[in-house]
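S.K.:
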């Protein structure tokens, strides 16, 4: 994966599909720290997103209201892998099957707003009452 980020070229379908599914999850978590170092390939050759600890960190930043994949709050030294993925897709360098995220999106759509907030309530409360109230209001 690091070679693909640094050099470009073809990206195996299994990895591009996994990255698209991870993108949906990271978008829902307001996790913008998605550089290549936060992904691993496990022993079964599955791409896994790790290190989600910056989730909701930038939720109150107005720049996150735009779904633009080029938002890089951690600076250009940690460019989100999705920015690379979608830029290469836009430039015709790779093909993406965007339909692979349909099941993930449909599962999320089954949750009510309150159920979605409840998934993160314990996490939000662990950050302190003021921050919890802010995060839960913005989710």
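Residue numbers (the numbering used here): 671 to 809.
Built from N, CA and C at the ideal position, the CB exists for glycine as well.
Just so it is clear, the structure is predicted and the values come from calculations on it, not from any experiment.
#1: Look up residue 762 in the DSSP assignment and say whether it is helix, strand or coil.
#2: Is the number of C-beta pairs between the segment 675 to 693 and the segment 711 to 718 that are closer than 8 Å three or more?
#3: With which residues is residue 709 paired in a DSSP beta bridge?
#4: Taking residue 675 and residue 751 to be in contact with their CB atoms under 8 Å, please state how far apart those CB atoms are, rounded to whole angstroms.
#5: Can you list, in chain order, the residues of its chain with a C-beta nearer than 8 Å to that of residue 705? Leave out the 5 residues immediately preceding and following it.
#6: Can you give the Cα-Cα distance for residue 695 and residue 778, rounded to whole angstroms?
#7: From which residue to which residue does the alpha helix (DSSP H) around residue 778 run?
#8: Would you mind working out which of 707, 727, 806 and 781 sits nearest residue 673, comparing C-alpha positions?
#9: Does the distance from the C-beta atom of residue 699 to that of residue 741 stay below 9 Å?
#10: By Cβ distance below 7 Å, which residues in the same chain neighbour residue 791 in space, the five residues on each side in sequence not counted?
M.R.: Let me spell this out:
#1: Counting from 1 along the chain shown, the entry for residue 762 is found at position 92. If DSSP states are grouped into helix, strand and coil, residue 762 belongs with coil.
#2: yes
#3: Here residue 709 refers to the residue found at position 39 when the chain shown is read from its first residue. Per DSSP, 719.
#4: As a position in the chain shown, residue 675 is number 5, starting the count at 1. As a position in the chain shown, residue 751 is number 81, starting the count at 1. With 8 Å as the limit, residue 675 and residue 751 qualify as a contact, their Cβ atoms being about 6 Å apart.
#5: The residue given as residue 705 occupies position 35 in the chain shown. Cβ neighbours of residue 705 beyond the five flanking positions: 744, 748, 749, 750 and 751.
#6: Here residue 695 corresponds to residue number 25 of the chain shown, with the count starting at 1. Here residue 778 corresponds to residue number 108 of the chain shown, with the count starting at 1. Taking the straight line joining both Cα atoms gives about 9 Å.
#7: By one-based count along the chain shown, residue 778 stands at place 108. Per DSSP, residue 778 belongs to the alpha helix (DSSP H) from 772 to 779.
#8: Here residue 673 corresponds to residue number 3 of the chain shown, with the count starting at 1. Selected option, being the one with the closest Cα: 707.
#9: The residue you call residue 699 lines up with position 29 of the chain shown. The residue you call residue 741 lines up with position 71 of the chain shown. Taking 9 Å as the Cβ cut-off, residue 699 and residue 741 do not qualify as a contacting pair.
#10: On the chain shown, residue 791 is found 121 positions in, with the first residue counted as 1. Cβ within range, chain order: 806.
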